[in-house]
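Colleague: With the numbering used here applied, the sequence shown corresponds to residues 271 to 624, in that order.
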Amino acid sequence: MKDFDYIIIGGGCAGLSLAYELDINNKFENKNLAIIDPRTNYNRDKTWSFWRVSPHNFEDCVIKSWNNFSINITNKTNYVSCGKSPYQSIDSGLFYKKTISRLKKNKNINFLKTMNDLDVSKSIIFNSLMNIKPDKKDLWQHFGGVEIEVDKKIFDSEIINLMDFDCDQKNSVHFFYTLPYSENKALVETTWLSNMMDDTEKNYDDQLKNYIKNQLKIKNYKILYEEQGKIPLFHTSSIIKKNEISIGTAGGMTRLSTGYTFLNIQDHSRYICKNFGNIDKIKKFKIKKKYKYLDKIFLKVLSKYPERMPEIFYNMFTANNEKVIKFLSNKSNIVDDINIILKMPKAIFIKELF
Ligand SMILES: Cc1cc2nc3c(=O)[nH]c(=O)nc-3n(C[C@H](O)[C@H](O)[C@H](O)COP(=O)(O)OP(=O)(O)OC[C@H]3O[C@@H](n4cnc5c(N)ncnc54)[C@H](O)[C@@H]3O)c2cc1C
């Protein structure tokens with residue numbers, strides 16, 4: 271039986287971000303770490319995007335940054351600038367390459383496929399595995415996307431389309447998302463906020479084909495990359511043992527109203543690094559309670575009145591967008607919060623509050 275001082279279960283975004291943060295701060299000079307993941311390949315499988323409200327270790331994995339975005343509902347478009355907190359997209363393939371090649375150079379860091387043969391009784395464990403008990407009422411953000419290349423210059427590469435609600439909503443909330451990496455290359459995603467009970471929402475390929483042809487007016491294109499995924503917009507309970515700390519989505523790092531997780535994972539990694547010596551004894555790092563509370567009400571409204579959501583999202587970005595970005599990225603102050611709350615339709619939000 272082998273034993274390690276530290277074990278990270280899941281070498282994905284959270285596990286590798288944490289190991290990287292600890293390694294660059296020399297935490298494994300006299301301690302050893304095992305990273306457990308059954309994966310056989312680390313090709314690009316996700317595109318992590320966010321407003322860059324705080325620094326992170328992965329600037330060199332950024333595909334592109336934008337200072338402008340738009341949101342549209344039928345017949346109306348809102349153009350928003352975000353120069354103070356640019357919107358960035360990270361290529362997970364580059365992230366895996368950077369983190370793994372650095373970590374493999376440290377002889378005290380071991381990559382293992384299973385926990386078999388490990389004595390974990392004296393280890394501190396960072397666990398990124400989710401423990402989800404399916405419930406019909408749970409809300410998910412689920413999506414499919416393609417990165418396409420066109421032979422003409424048709425995209426404005428300076429502005430992303432964050433949410434295009436001018437599409438079939440069924441009884442859910444649905445939008446398209448377009449990230450133009452250059453004038454002839456873009457990631458286009460179809461995204462749903464729903465309980466995933468309607469299977470027709472999941473035919474992402476048809477939705478994307480239709481949108482690219484009829485809305486973007488592109489006839490010929492090549493698909494360079496595809497991704498699909500689902501992000502739980504509810505707490506994923508994990509079995510917590512005394513020597514175990516949850517990280518990543520399993521550790522509550524997903525902002526429930528938006529699905530944004532990447533920068534929270536980086537904040538969590540820094541917190542663990544700063545308190546590494548006594549991390550099993552101190553207060554758990556959490557997204558602030560006020561966001562949990564406000565997100566809960568927001569998601570209640572979303573479940574009950576999905577048809578109102580395009581307008582609610584659209585109106586949210588109509589004034590002082592820096593405040594909205596800070597709010598959605600957990601960096602707002604009380605004035606920012608009040609500003610957002612005042613933009614919500616009062617009657618339905620107050621009703622859900624009680
Ligand atoms: C397709 C996709 C796109 C996303 N885009 C964004 C975005 O744009 N912005 C944003 O902020 N967030 C985004 N998210 C949400 C979130 O940032 C990601 O899900 C992120 O990868 C979460 O990190 P994690 O470490 O918790 O999970 P993961 O990155 O999924 O890592 C979990 C790891 O556990 C491993 N594993 C599985 N089973 C076992 C086992 N039995 N033992 C050991 N290891 C195991 C897996 O192989 C995986 O490597 C996206 C999510 C998805 C799915």
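Just so it is clear, CB atoms sit at the ideal spot from N, CA and C, and this is done for glycine as well.
Beta carbon of residue 307: closer than 7 Å to some heavy atom of ligand 1?
Modeller: Indeed, a heavy atom of ligand 1 lies less than 7 Å from the Cβ.
Colleague: With C-beta atoms as the reference, is residue 569 less than 8 Å away from residue 579?
Modeller: Cβ atoms of residue 569 and residue 579: not closer than 8 Å.
Colleague: Since I believe residue 395 is in contact with residue 514 (beta carbons under 8 Å), could you give me their beta-carbon distance rounded to a whole number of angstroms?
Modeller: Yes, they are in contact, since the Cβ atoms of residue 514 and residue 395 sit about 4 Å apart, within 8 Å.
Colleague: Confirm the yes/no value for this check: CB of residue 283, any heavy atom of ligand 1, distance under 7 Å.
Modeller: Answer for residue 283: yes, Cβ within range of ligand 1.
Colleague: Would you say the stretch 369-376 touches the stretch 291-306, given that touching needs at least three Cβ pairs under 8 Å?
Modeller: The stretch 369-376 vs the stretch 291-306: in contact.
Colleague: Do residue 458 and residue 415 have their C-beta atoms closer together than 8 Å?
Modeller: Contact: yes.
Colleague: Are there 16 or more other CB atoms within 10 angstroms of the CB of residue 309, so buried, or fewer, so exposed?
Modeller: Counting Cβ neighbours within 10 Å, residue 309 comes out exposed, since fewer than 16 surround it.
Colleague: Taking contact to mean at least 3 C-beta pairs separated by less than 8 Å, is the stretch 598-610 in contact with the stretch 545-553?
Modeller: No, they do not touch.
Colleague: In chain order, what residues of the same chain lie with their CB nearer than 8 Å to the CB of residue 380, ignoring the 5 residues before and after it?
Modeller: Only 274, 302, 303, 304, 305 meet the Cβ criterion.
Colleague: Hey, which unbroken runs of the beta strand (DSSP E) at 3 residues or more fall wholly within the stretch 454-509?
Modeller: Runs of the beta strand (DSSP E) inside the stretch 454-509: 455-464, 492-502.
Colleague: Do you know how far the Cα of residue 279 is from the Cα of residue 359?
Modeller: So the two alpha carbons sit approximately 25 Å from each other.
Colleague: Going by DSSP, what residues sit across from residue 304 in a beta bridge?
Modeller: 277, 380.
Colleague: Tell me where the beta strand (DSSP E) around residue 585 begins and ends.
Modeller: It is not in any beta strand (DSSP E) - residue 585 instead sits in the alpha helix (DSSP H) that spans 579-586.
Colleague: Would you please state the rounded distance, in angstroms, between the beta carbons of residue 588 and residue 348? I believe it to be under 8 Å.
Modeller: At roughly 6 Å, the Cβ-Cβ gap stays under 8 Å, so residue 588 and residue 348 are in contact.
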